[in-house]
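Everything below concerns the one structure shown next.
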Amino acid sequence: MTDLLVRLYDLPEFEAEAKVRAAGVVVRRALAPERQIVLDWVAGHFSAGWRSEGAVAFGHLPVTIWIAVRNGEMLGFACHDATAKGFFGPTGVDEAMRGQGIGEALLIATLKGMREAGYSYAVIGGVGPIEFYRRRLEVFEIPGSTPGIYGGMLRPKAKSE
Ligand SMILES: CC(C)(COP(=O)(O)OP(=O)(O)OC[C@H]1O[C@@H](n2cnc3c(N)ncnc32)[C@H](O)[C@@H]1OP(=O)(O)O)[C@@H](O)C(=O)NCCC(=O)NCCS
């Protein structure tokens with residue numbers, strides 16, 4: 104797990120935006136009234152930790168969490184400014200819906216949101232699948248960023264009873 108640096112001022116064109124739109128998937132900033140539904144989805148599909156980061160993203164106005172939706176069903180999400188200012192993530196797509204461009208469409212929508220918020224660079228924090236980011240973006244691994252800000256973080260333990 105390392106952090107990546109991405110330039111926001113010359114983001115490339117992404118094919119995924121049009122591709123997912125044509126498939127009826129809407130990628131948009133979440134609305135405050137959707138907070139409970141979105142956070143429950145994040146916890147159910149991913150983790151309590153990501154739910155907590157999503158809750159911080161809902162604490163900003165405008166909120167800093169984007170969602171992918173089709174026919175009233177949530178398919179994925181992406182956040183920024185959840186654990187640190189200028190950080191992209193976490194992000195995730197429903198396992199059954201991966202490989203269709205939804206992750207990329209969420210990534211570009213959120214990075215554009217960061218640019219509009221005034222950032223020139225984004226840090227993609229604690230990256231798992233580096234290749235996903237390298238596919239479309241020129242990313243730079245930040246030396247010494249493992250374990251980065253997540254070092255020493257409390258993690259859930261199994262109950263002893
Ligand atoms: C990473 C994730 C969000 C990608 O979502 P997705 O909707 O499957 O991604 P896309 O369909 O937009 O993929 C875009 C491109 O990246 C590639 N890609 C997607 N996930 C990848 C991965 N884990 N490793 C390498 N390449 C990946 C795709 O093959 C595609 O390339 P192509 O267009 O050349 O075929 C999704 O796999 C996920 O939710 N993973 C679990 C959570 C996670 O790891 N989040 C990131 C934390 S840093």
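Taking my numbering, I'd label the letters of the sequence shown as residues 104 to 264. For every residue, glycine included, the Cβ atom is placed at its ideal position computed from N, Cα and C. As the structure is a computational prediction, the values presented were derived from the model and not from experiment.
Residue i classed as buried or exposed, judged by whether at least 16 other C-beta atoms fall within 10 angstroms
| i | result |
| --- | --- |
| Leu-134 | exposed |
| Ser-248 | buried |
| Tyr-222 | buried |
| Gly-255 | exposed |
| Gly-195 | buried |
| Glu-156 | buried |
Residue i CB to nearest heavy atom of ligand 1 below 6 Å
| i | result |
| --- | --- |
| Gly-206 | yes |
| Arg-173 | no |
| Thr-186 | no |
| Phe-191 | no |
| Pro-232 | yes |
| Thr-213 | no |
| Val-196 | yes |
| Arg-238 | yes |
| Arg-201 | yes |
Residue i versus the options, residue with shortest Cα-Cα distance
| i | options | result |
| --- | --- | --- |
| Ala-212 | Asp-106, Val-123, Thr-105, Met-104 | Val-123 |
| Tyr-253 | Ala-187, Asn-174, Pro-246, Val-172 | Ala-187 |
| Ala-146 | Glu-219, Asp-197, Pro-165, Val-242 | Asp-197 |
| Arg-149 | Pro-136, Phe-161, Leu-178 | A quick correction: the sequence has Phe, not Arg, at residue 149. The residue with the shortest Cα to Cα distance from Phe-149 is Leu-178. |
| Phe-334 | Arg-138, Lys-260, Ser-263, Glu-234 | Here the chain has residues from 104 to 264 only, and residue 334 is not among them. |
| Asp-113 | Arg-258, Arg-218, Glu-244 | Arg-218 |
Counterpart residues of residue i in DSSP-defined beta bridges
| i | result |
| --- | --- |
| Phe-180 | Ile-170, Gly-195 |
| Leu-209 | In DSSP, Leu-209 forms no bridge with anything. |
| Tyr-224 | Arg-110 |
| Val-123 | Answer is none; Val-123 lacks a bridge partner. |
| Asp-149 | For clarity, residue 149 is Phe in the given sequence; the question names Asp instead. Its beta-bridge partners do not exist; DSSP assigns none. |
| Thr-249 | For Thr-249, which the question treats as bridged, DSSP gives no partner whatsoever. |
| Arg-132 | Trp-169 |
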